[in-house]
Amino acid sequence: MNSLNDPDFNLRQELLNLDIADLDDEEYEIPPVEKTPTLESILNSDDTSLLSEDELSSYLSRELGLEEGGETASLSSVGSRKDGHSPRHRSGGCILRHVILKAVSAQLRSAADRVNAGKPTVMAVTTMVSVGTSQGFILMFDSTQTLKWCYEGDQEQGAVSCLALNVDCTRLLAGFARGLLLMLDTADGKVLRTMVDVHTPATAVLHVKFTDNPTLAVVSDSGGSVFELSFRRTLGVRGVDSKCLFSGSRGEVVTIEPLLLHQLTSHPLHGSVLIAMATLSKVIIVSIRPSTRLLLTHSVKASPVSLPLLSWQFVIIQVADTQRIMDPVLAFARDTTIYFYQVSVEASGRIACVTLQQLNLGYSLLACHWLNARSLALIDASEALHLVDVRSREQLETLDLASVGLVYNTSSFKGLATGGNVSKALALAGERACYNTVQSFGNQILLLGTRSFHVISIRTWIERVNHFVDQNRYGEALKLGMEFLEEKGKAVLGLRGPRKHRHRIVREKVLDTLNTYVDKTLESGDSVSYHEALPVIINHCVQLDQKELLFTKVWDGLYCDPGARAIYLQSLEAVVLEGKLSSVPPEIMQQLVRQLEQMEKWQVLERCVLAVDIVCIDIEQVLVLCRQHDLHDALISVWNRAMLDYTSPIHELVPLLQTLLDQGEVERGRCLGNRLLVYLSCCLSGRGYPHGDLPPTSVETVRQQVFKALCSQHTVNATDSEVCYPFLRILLQFDTREFLNALAIAFEDPQFSSQLRQRLVNILIQVMVEGEGFASTQVGWLFTFLASQLSRSHCVLRVDTKLFERVVAHLTAPGQDSTHSERQAAFSQLMAAGGLAHYTHQDLLALARSAEFYQVCATLHERRGEHRQVLKCYLLDNGRKHRVFNYIEQSSHKSDLQSAVLDNIDGLLDIDATETGHMVQRHFSQIIPDIVPLLSDKQLYLFLKGVLLEGELEPPLMTRYFVLTCHLDPELALPLVQANKNIHLDQAIQASTEQGLDEVTAVLLERSGDLQGAFDLLLNRLHTAMDKGEPLESQMQELVGLAHRGNKVMDPRKSWLPLLQCLLKLNSHELLRQVLSNTDLNLASELHLLLEHTNGTLGQLRPLIMGLFEKCVHEKAMLRTTVQLQYQDLHSQLQKVLQDSRKGQLVPSSCSTCQYTLHSTLHLFRCGHIFHVDCLASPSHCNECYKPEVPG
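Numbering (the UniProt record's numbering), first residue to last: 1 to 1192.
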C-alpha cells in the first residue's frame, strides 16, 4: 500500500479535482439518460405521487407514527418528534431536494397494517424499487411506483436482511436474518433459486451484491465471512457454487462493495471483477476475475462504535496535456475520517491501487455515498445529512433527517434471529447500521423510513436558481447564478456542453432573474426593499454590463421617490469607488455629487471624481466644490483631463501654498505641498496624476509646459517687489529635500532633455546659492543633489567646483542658523555623492574636525583603516558615544582596537562601566589586569559586574568584587556567594560580618566547615526576630536545613534542642510540624533532651508530644508499607524462579569449557551453559557467566 507520506501525494491529491461538465459520452461510451430510466423519472413523471419539502412537515406529523417496541425504529427520530418536528439549521438550502414517494410509502403502511407484513427493514433501488420487511415480505415497485408483486415469505426465515438487483433489473437476490438466500424473478416474483448452504451456517446474511457478471455475486454473513456465488444452469436445472473469499476467523468483514463497470465497456478494467471489503480494522480491495489477487490493504484505527463505509465513483483524471482517463475511486469512511483510493491499470496491464488523500470531519458517520464525481452525501450520528465538496472540502448544505424515522439493521448485526452468535465487537459497532436502508443511485440518495420512503437528490443548476426565485430570495439567486457564470459553482448538475454554450444559457438565466428582480422591486415601492434590493441590482448590472437597465429602467423607475434615489446613489457610489464602474450618465453623476455635498463626504466625493470618466462630470459644479473644500487631487485631475491644462495647478496652487504657510495653517499647507511635489514629479517624468500614464503624444508637450511654468520669473499679477522665480522659491522653502527628490525622479527619465536639466540646475544655483533666504543645510542638499547627478554616467551637466567650496565653507562655519546635526548630515551626503572628490583626505578631515563633525571624521578614518581613531571619534561625539560598544562588537579589527580600549578606558567607563566590563571580558580579557589598578571602587564594582556577566573571575578578583558588593549593594551579596565558590573565605567572612550580613556570614561559615558557628549566628538572628515580632518561617527553614546538613557533626543539644525550645516559646503548630517532619530528628533522644533541659508543665509540652506521636504513627505506617512492598517483590521474584524452573532447557551437545562431548555426570545452568563435573570450578556458579577477574 502506498503511504500517505508518498512524495507524489500532492500530485495524487489533485486527482480528485474533477470537471465533469466536459465529459464526452461517446468517448467513454456512457449511454444517454433516456435509455436507462432512473428515479429522476419518478420524481418528474407524476407530481401527485410526490411530496415536496413544503409538504413534508404536515405529512410526517400525520403519517409517521411509530409503535413502541419496533426493533428497527430510529431512537433519535422518536426523540425528535417530541419537539414538533422543528428542523435544525439548514445551510445553503437550495442544492438538495427532499421528496417522499407517496405511493410506495402508502403501500408499505398498508402491507404492515392489513396483511401483517411487518415494518420495512431493507431496500434495493436501481430502475425499480424493492423493499423487504421484518416478517419476510418483499414488495417490488416499478418506476411509476406501482406495486408489481409481493413475495410472502415464511416467518421462519426471519426478517429480510438484505436485497440486491442485478444490472438489468431482471433478478433479485434476497437474504434473510436466519441465513436463507433467495433469487427471485423481478417480473413476477417467482423464486428461481433457494440457497441454504452457501455461507457460514447459523449466521444472518448481512450483504448480497451482484457484480457485472450476471452469473456472479458476493455475499457476506454475520460471521464476518465473504463468499463468491457462481450461478449455473445445467439442462434447465438452476444451481449455485459457493466459494469462500474471506474467512471471518481472520477478521470480520462488515461491508462489501463490488465495482460495477457495465456502462464502461471500453475501460481497461472491463472484464475484471473488483470487490472492496472492510473489516472493523482495515479496508481490503481484491480482484476475483480473471484471477484472485489482493490489490490493497490499509489498516485504520477508529471508535469501536463506528462502522466502516464504502462507496465507488468514477472520476475523470488529467494525465497529460491532452489526455484524460476515467478511473474508479473508492471512498472508505470510518468514524470521522474518509480515505480515498484510486484504482488504475498500468501500461503493463497490472492493476494498481494508489492512496490519494484523506478528509477529516467534525462528526461521526453513519453513511457515506457519492452523488457525483465531486460531491459526497454524508449522514452523521445525529441523523443530519451533509453535502460535501471533495475538492474544496467545503460543506455545501446540511439537511435534518431526524423526522424521517430512519430504519436501522441493528437486529441482523446483533444476530438476534440466530441466537446472538456474533462477536461483541460486531454487535457493538452494528448498533447504528444502516447499510441497506440508506443507498444511492445516480445523484439521488434514498432513505427507508419506518413508514415512508424518502428520496434526496441534487437539483439541477436552473432548479437551484428557481428555488431561490420562488422564495423571493433574488439576491441569493443572482449570487448563485454568477457563481455558475464564473464557473465557481459547487455540485453543479445539468450544465453540459461546450463552455460558450454553458456561458450563454447561464447568462440568459441570470439576466432574466435580474430583470424580474428589478420589476418586482420597482412595483413594491417599499423603502425596506430598496435598501436590500438596490445594492444587489446595481452590483449585478455592473457585473453583467447592463448599463441601459441600470441607468434607464431602474433610475427612471425611481423618479417619484427621492428616498429610493438616495439609496440608488449610495449604492452607485460603492461600485464607483471599487473601480467597477467608470462611465456614469452626467445627470446621475451630478445628482451623486450633490448628495455627497449635502452629506459633507468630501473625501468620498474626491475619490468618485477621480474614478469616473471626465465626460461624466459637471465641470463647473466640481471645480467650485474642489476650490471650496481643498479637494486638490480632484481639481488637478479635472484641469488635466477636461481642459488638458497642466500649468494651472502651478499658477493657482503654488501661491495658495505660500498663503497657507504665511497664515500658519501648517497641516493644510503640508497636504497641498506634498501633492504639488508629486504632481511635478509625475508631469516631468511622463506619468499621469494621481495614477496612470500620460498619452505618449503628450509627454513632451506636458513636460515643456510644466517646466516653463515652474521656471517662470514672475507670476501673472506680479508686483514690483516680487523676487524672481517665485514658484521655485516657494516649493524650495516648503521642503527643499523632497523637491530635489522629485526632480531626481524626473531626471531618471531618459527623454528629459539635457538642455532643460542644465537650465533648471542653473536656476536652482542662482536662487539658492547666489540669492538669499536659504539655510546652509538647504544649500548642502542642493549640492548633494548636483553631486549625485554629476556622478551618473553620460552626465552632461556643468557645475563650477568653486561653488562646492562655498557650500563646504557655509556648512563648516560656526554660528549657522541650522542645527549641528543637519549641517553634518548635509556635509556627509555631499561627500557620499562625490561632490567633494576634489578635496584631499587631510583637507576633509581638517574641515570636519574644525566643525566637530565627528561622524564624518569616523567615516574618513574608516576609509583609511584607522580604527583607533574611529573609536576616539565615537567617544568625542556626544550624540553617538553610546553606540561605541556596537561598533567594537561589530568590528572585524578587534586586534587593532585593544590598545585603543585600554587608552580610552576612562571614557568607556563614563558611558557605561558595566557594559565596558562585559565587552572587555568578551573580546579583550587579557588586559583586565592592566585595567583594574586604574579604577576607583565604584568603577571597579560596576566593571567587575559586567565581567561576571560574560564569564568567571579569578579568586582574588571575585573576593574583591564580593567585598565591594557588601559595601555598595548588600542585597546582592547572598545570591553572589551562593552562585560562586571561588571566594577567599576569611576576607569574605570579615567583610560580611562588618556589614552585619548574618545570612551571608552563615553561608560562608558553613562553607568553611564551622556549621555550629553558622547555626549559632542564625539562631541569634531568630531570637532577635522573635523579639521584634518579624516573620519567622524563612529563618526557621534555614535553621532546619542547616541542622539537617550538620546532623552528623553537630551536637543535638546545641542544634535540635535550642530549635525545639524556640518553637515551644512560639507555640506555633505549623512550624513545629515542619521541624518534626524532618527525617533526621531522633524522636526519643530529642524528647529526652527537651524534657531534661526545659522547665515547663505538661500542658506546655503537649503540642510537641502530640506532634511526636503523629510522626511516630506516620513512620510506623511507612515502615509497614515498605515491608509489605519488599515481601511482594520477593514473592514475585520467587514466583518467576518457580515458573522458570518448569520450563525445559535446550541442552548443548558439548561442554562449554572443554568443548568435548558430554558422556558422564554433568551440571546444567539456567543460562544455558553445561559443563562436566570436572570442568566446573564451583557447582553453584557458571564458569562462563561468573568468570574470575584476572589480576593486573
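For glycine and all other residues, C-beta sits at the position ideal for the given N, C-alpha and C.
Please read all numbers here as calculations on a predicted model, not as lab measurements.
Span of the alpha helix (DSSP H) holding Asp910?
The residue labelled residue 910 in the question sits at position 910 within the sequence shown. Counting along the chain, the alpha helix (DSSP H) containing Asp910 begins and ends at Ile905 to His923.
What is the DSSP secondary structure of Asn360, reduced to helix, strand or coil?
Translated into the one-based positions of the sequence shown, residue 360 becomes position 360. Strand at Asn360.
By alpha-carbon positions, which one of Leu997, Val345 and Leu732 ends up nearest to Glu971?
Mapped onto the sequence shown, residue 971 falls at position 971. Considering only alpha carbons, the answer is Leu997.
Contact defined as beta carbons within less than 8 Å: I believe Leu909 pairs with Phe943. What is the distance between those atoms, to the nearest angstrom?
The residue you call residue 909 lines up with position 909 of the sequence shown. The residue you call residue 943 lines up with position 943 of the sequence shown. So it is a contact: roughly 7 Å between Cβ atoms.
Taking the CB atoms as reference points, tell me whether Val609 and Ala634 lie closer together than 7 Å.
As a working mapping, residue 609 is identified with position 609 in the sequence shown. As a working mapping, residue 634 is identified with position 634 in the sequence shown. Yes, Cβ-Cβ distance for Val609 and Ala634 is below 7 Å.
For a test of the three-state rule: what should DSSP assign to Leu235, helix, strand or coil?
Indexing the sequence shown from 1 puts residue 235 at position 235. Three-state DSSP puts Leu235 in coil, outside helix and strand.
Per DSSP, Lys209 forms a beta bridge with which residues?
Looking up residue 209 in the sequence shown gives position 209. According to DSSP, which records beta bridges pairwise, Lys209 is partnered with Val218.
Taking the alpha-carbon of Thr127 as reference, which of Ile138, Thr186, Cys162 and Arg178 has the nearest alpha-carbon?
Here residue 127 refers to the residue found at position 127 of the sequence shown. For Thr127, the nearest C-alpha among the options comes from Thr186.
Work out the CA separation of Tyr1186 and Cys1175 for me, nearest whole Å.
Your numbering for residue 1175 matches position 1175 in the sequence shown. Your numbering for residue 1186 matches position 1186 in the sequence shown. Between Cys1175 and Tyr1186, the C-alpha separation is close to 14 Å.
So, for Asp83: in the same chain, excluding its five sequence neighbours on each side, which residues have a beta-carbon less than 8 Å away from its beta-carbon?
To locate residue 83, count along the sequence shown from 1; it is residue 83. Since pLDDT at Asp83 reaches only 36, below the 50 mark, its modelled position is unreliable, and the value read off the structure follows with that caveat. Within the same chain, Asp83 has no close Cβ partners at all.
If I measure Cβ to Cβ from Pro690 and keep anything under 6 Å in the same chain, skipping five residues before and after, which residues do I get?
The residue you call residue 690 lines up with position 690 of the sequence shown. The answer, listed in chain order, is Asp633.
Based on Cα-Cα distance, which residue from Ala278, Val438 and Asp154 lies nearest to Val122?
Your numbering for residue 122 matches position 122 in the sequence shown. Closest by alpha carbon: Val438.
Taking the alpha-carbon positions, what's the Arg289 to Glu228 distance?
For this step, residue 289 is matched to residue 289 along the sequence shown. For this step, residue 228 is matched to residue 228 along the sequence shown. Their Cα atoms are separated by approximately 11 Å.
Between which two residues does the alpha helix (DSSP H) containing Thr965 stretch?
In the sequence shown, the residue the question calls residue 965 occupies position 965. Per DSSP, Thr965 belongs to the alpha helix (DSSP H) from Pro955 to Leu968.
Could you give the DSSP three-state label for Ser1152: helix, strand or coil?
The residue you call residue 1152 lines up with position 1152 of the sequence shown. Three-state result, Ser1152: coil.
Report yes or no: do the region 404-419 and the region 511-522 share at least 3 C-beta pairs separated by less than 8 Å?
no
Within the same chain, show all residues whose beta-carbon is closer than 6 Å to that of Asp241, passing over the 5 residues directly before and after it, in chain order.
On the sequence shown, position 241 is the one that residue 241 refers to. So the qualifying residues of the chain are Ser230.
Please give me, in chain order, every unbroken run of the beta strand (DSSP E) with length at least 3 that falls completely inside the region 369-421.
375-380, 384-389 and 394-400
Cutting at 6 Å between CB atoms, please list the residues of its own chain near Asp986, excluding the five before and the five after it.
Looking up residue 986 in the sequence shown gives position 986. Within the same chain, Asp986 has no close Cβ partners at all.
CB-CB under 7 Å to His386, same chain, minus the five flanking residues each way: which ones, in chain order?
As a working mapping, residue 386 is identified with position 386 in the sequence shown. Result list for His386: Leu378, Asp380, Gln395 and Thr398, in chain order.
Using a 10 Å radius around the Cβ and a threshold of 16 neighbouring Cβ atoms, would you call Ser364 buried or exposed?
Locating residue 364 in the sequence shown gives position 364, counting from the first residue. Classification of Ser364: buried, given that the 10 Å Cβ count is 16 or more.
Considering just the uninterrupted stretch of the beta strand (DSSP E) at Ala117, what are its terminal residues?
On the sequence shown, residue 117 is found 117 positions in, with the first residue counted as 1. Note, Ala117: premise wrong, no beta strand (DSSP E); not H, not E.
With DSSP run on the structure shown, which of helix, strand or coil describes Glu14?
Along the sequence shown, read from residue 1 onward, the residue named residue 14 stands at position 14. Residue placement at Glu14 cannot be trusted, given a pLDDT of 37 that sits under 50; the coordinates are not used to answer.
Looking at Cys682 and Val706, is the spacing between their C-beta atoms short of 7 Å?
The residue given as residue 706 occupies position 706 in the sequence shown. The residue given as residue 682 occupies position 682 in the sequence shown. Not a contact, by the Cβ cut-off of 7 Å.
Under a Cβ-count criterion, where at least 16 other Cβ atoms within 10 Å of its own Cβ denotes burial, should Asp556 be classed as buried or exposed?
Position 556 of the sequence shown holds residue 556. Asp556 should be labelled exposed.
State yes or no: is the C-beta of Gln829 within less than 7 Å of the C-beta of Thr784?
Taking the sequence shown and counting its residues from 1, the one referred to as residue 829 is at position 829. Taking the sequence shown and counting its residues from 1, the one referred to as residue 784 is at position 784. In this structure, Thr784 lies closer than 7 Å to Gln829 by Cβ.
With respect to the alpha helix (DSSP H) encompassing Thr993, which residues constitute its N-terminal and C-terminal limits?
Translated into the one-based positions of the sequence shown, residue 993 becomes position 993. Thr993 -> alpha helix (DSSP H) spans Leu985 to Glu994.
Have a look at Ser899 and Val920 and give me their C-alpha separation to the nearest angstrom.
Against the sequence shown, residue 899 aligns to sequence position 899. Against the sequence shown, residue 920 aligns to sequence position 920. Their backbone Cα atoms lie some 12 Å apart in a straight line.
Give the range of the beta strand (DSSP E) segment to which Gln543 is assigned.
On the sequence shown, position 543 is the one that residue 543 refers to. From DSSP, Gln543 is part of no beta strand (DSSP E) but of the alpha helix (DSSP H) over Ser527 to Gln543.
Distance check for Glu1038 and Arg868, CA to CA, integer angstroms please.
To locate residue 868, count along the sequence shown from 1; it is residue 868. To locate residue 1038, count along the sequence shown from 1; it is residue 1038. Roughly 54 Å between the two C-alpha positions.
Between Thr697, Gly780 and Ser936, which lies nearest to Leu732 when the distance is taken from Cα to Cα?
For this step, residue 732 is matched to residue 732 along the sequence shown. Taking only the C-alpha atoms, the option nearest Leu732 is Gly780.
Helix, strand or coil: which one does DSSP assign to Asp241?
The residue labelled residue 241 in the question sits at position 241 within the sequence shown. DSSP places Asp241 in strand when its eight states are reduced to three.
Give the DSSP-derived three-state secondary structure of Pro655 in the structure shown.
Numbered from 1 along the sequence shown, position 655 holds the residue referred to as residue 655. Reduced to three states, the DSSP call for Pro655 is helix.
Short of 6 Å in beta carbon distance, which residues of its chain neighbour residue 1202, apart from the five on each side in sequence? Order them along the chain.
With the chain covering 1 to 1192 only, the question about residue 1202 has no answer from this structure.
If you follow the alpha helix (DSSP H) that His632 is in, where does it begin and where does it stop?
For the purposes of this step, residue 632 is taken as the residue at position 632 of the sequence shown. Looking at the DSSP string, the run of the alpha helix (DSSP H) that includes His632 is His632 to Met643.
Could you give the residue range of the beta strand (DSSP E) that holds His1172?
Numbered from its first residue, the sequence shown carries residue 1172 at position 1172. Note, His1172: beta strand (DSSP E), Ile1170 to His1172.
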